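The numbering used here puts the first residue of the sequence shown at 1196, with every later residue one more than the last. Backbone N, C-alpha and C define an ideal beta-carbon position, used for all residues, glycine too. These numbers come from a predicted model, not from an experiment. The structure appears right after this line, and notes come after that.
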Amino acid sequence: MKILGIVAEYNPFHFGHLYHLEVSRAQSMADGVIAVMSGNFVQRGECALFDKFSRAAMALKAGVDLVVELPFLYASSSAEYFAAGAIDLLLDTRIVTSISFGTESSEVSTLKKVADILVEKRAALDHLFRIYSKEGFSYPIAQQKALSHFTTEVIRNPNDLLALQYVKRLRERNTSLELIRIPRSGQSHHQSAGYIRRAAKTGEWKHLLPDFCLPYVEGKTALFPDDFFEEILFAILTSRDLKKVNGMEEGLENLLKENAKTARDFEELLEMTKSKRYTRTRLSRLLFHQLFHVYKSDVESLLGTGYIRPLAFNETGQEMLRHMKERSPLPIISNIPRFRGTKKEESLFSWDLLTSRLYYRKAQLPADTDFSPPLLL
């Protein structure tokens, strides 16, 4: 079988995603499509608008055959770790033959050239990056300035930067999978996931989704970062271990504690704390990691660990899972109470369960929703 792999968040699924999926499937001539999707928390450092099972169902209705969850510690991390976790998961299924991603402008050849530099000049880049970081530049700007010592290629758009990390991880894994680049369509700009999330806060927005998505959002509670604000404030103001939180830097913990005393909502806390060095997205990830007590040591000890957790599949997806059971070195978690993995696998999975419990409470869903079997559509 020819299997196409996609990394996605579908937060929520929209027409731009549908375009990407249809064009990718046509170009790859795939017999099946697997999507590695963020769960209830996403890479921007936010809660997903709708729960992961609803979003997985939307993906299947759109033409994906199997949706598996990207573990929380990867899904809520920087672009580098997010991409590494997702690409490793796709490769370790041992059935994926091509990978597709969307970009704004960067060609695959450009991404490969820059990815080669990131891998081959890592020590020098790390040194330059630290210099620019100390000068107060944010992570993406410091990285770009470091890269400018080795190439004139400039990659700034967030989608292109994420695509670069996909290509870099594929280079590190020394794989020769077919790479399919899909330029984002004009429609996806006007009806992007971010646009839809903003519209969901203020007014009519369901017409921005494909009709097949509507049954999975009707009657559901849409969640926003501010829904977790009180818990985040409490976690900051009562913590004795802020310095240990993943992403925290010296001095930032004091600024956060001070700002948390007067901030009236999530957005205001970000606005009060952001700077040239600390972007909103980085701070948002940090706040949710603080909420769940994710420490640097947790992330460092569990990187490289993985498992396959199906969220939804159809008959083709079932066949793909059968092939994975025969070939993949990763455990497949289809029955949570029966899951027995290594200590690291169980620890990584425990973060998914822990974070989802609070999410389901906020979304007014049963606390044990995560223990539901995968959706068969």
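Given a cut-off of 8 Å on the beta-carbon distance, is the pair residue i and residue j in contact?
i            : j            : result
residue 1212 : residue 1270 : no
residue 1472 : residue 1331 : yes
residue 1465 : residue 1475 : yes
residue 1520 : residue 1527 : yes
residue 1441 : residue 1484 : yes
residue 1395 : residue 1430 : no
residue 1529 : residue 1505 : yes
residue 1339 : residue 1275 : no
residue 1493 : residue 1264 : no
residue 1426 : residue 1482 : no
residue 1468 : residue 1227 : no
residue 1290 : residue 1518 : yes
residue 1388 : residue 1209 : yes
residue 1524 : residue 1461 : no
residue 1305 : residue 1348 : yes
Pull up the distance between the alpha-carbon of residue i and that of residue j, whole angstroms please.
i            : j            : result
residue 1383 : residue 1570 : Note that residue 1383 scores 43 on pLDDT, short of 50, meaning its location in the model is unreliable and no value can be drawn from it.
residue 1385 : residue 1532 : For residue 1385, the predicted model reports a pLDDT of 47, less than 50, meaning its position is unreliable and no value from the coordinates is stated.
residue 1250 : residue 1390 : 17 Å
residue 1567 : residue 1409 : 21 Å
residue 1397 : residue 1422 : 15 Å
residue 1558 : residue 1413 : 13 Å
residue 1206 : residue 1235 : 10 Å
residue 1411 : residue 1404 : 11 Å
residue 1375 : residue 1222 : 8 Å
residue 1318 : residue 1363 : 15 Å
residue 1522 : residue 1501 : 15 Å
residue 1279 : residue 1242 : 21 Å
For residue i, collect the residues of the same chain with a Cβ closer than 8 Å to its Cβ; drop the 5 residues on either side in sequence, then sort them by chain order.
i            : result
residue 1564 : 1246, 1248, 1551 and 1555
residue 1452 : 1431, 1432 and 1437
residue 1534 : 1526, 1528, 1541 and 1544
Among the options, which one has its Cα closest to the Cα of residue i?
i            : options                   : result
residue 1287 : 1328, 1232 and 1503       : 1503
residue 1515 : 1209, 1204 and 1229       : 1229
residue 1203 : 1343, 1354 and 1337       : 1354
residue 1333 : 1312, 1488, 1428 and 1477 : 1477
residue 1446 : 1329, 1224, 1277 and 1305 : 1329
residue 1491 : 1242, 1463, 1237 and 1273 : 1273
residue 1470 : 1488, 1399, 1458 and 1450 : 1450
residue 1238 : 1225, 1266 and 1277       : 1277
residue 1459 : 1495, 1424 and 1489       : 1424
residue 1457 : 1428, 1434, 1444 and 1443 : 1428
Could you give the C-beta distance for residue i and residue j, rounded to a whole number, given that I count them as a contact under 8 Å?
i            : j            : result
residue 1308 : residue 1346 : 7 Å
residue 1335 : residue 1320 : Residue 1335 to residue 1320, Cβ: 13 Å. No contact.
residue 1497 : residue 1268 : 6 Å
residue 1219 : residue 1295 : 4 Å
residue 1314 : residue 1367 : 6 Å
Looking at the ligand NAD, does it come within less than 7 Å of residue i, judged from the CB to the closest heavy atom?
i            : result
residue 1219 : Because no ligand of any kind appears in the structure shown, any question about the ligand NAD cannot be addressed here.
Below 7 Å CB to CB, which residues in the same chain sit around residue i once its five sequence neighbours on both sides are set aside?
i            : result
residue 1378 : 1298
residue 1350 : 1301, 1309, 1356 and 1359
residue 1341 : 1320, 1323, 1324 and 1327
residue 1244 : 1206, 1207, 1392, 1395, 1417 and 1418
residue 1344 : 1323
residue 1316 : 1345
residue 1312 : 1342, 1345 and 1346
Which residues in the same chain as residue i place their Cβ atom closer than 6 Å to its Cβ, once the five residues preceding and following it in sequence are excluded?
i            : result
residue 1262 : 1230, 1232, 1251, 1254, 1506 and 1507
residue 1292 : 1197 and 1198
residue 1448 : 1437 and 1438
residue 1577 : This structure does not reach residue 1577, given that the chain is present from 1196 up to 1572, and the question cannot be answered.
residue 1201 : 1230 and 1295
residue 1463 : none
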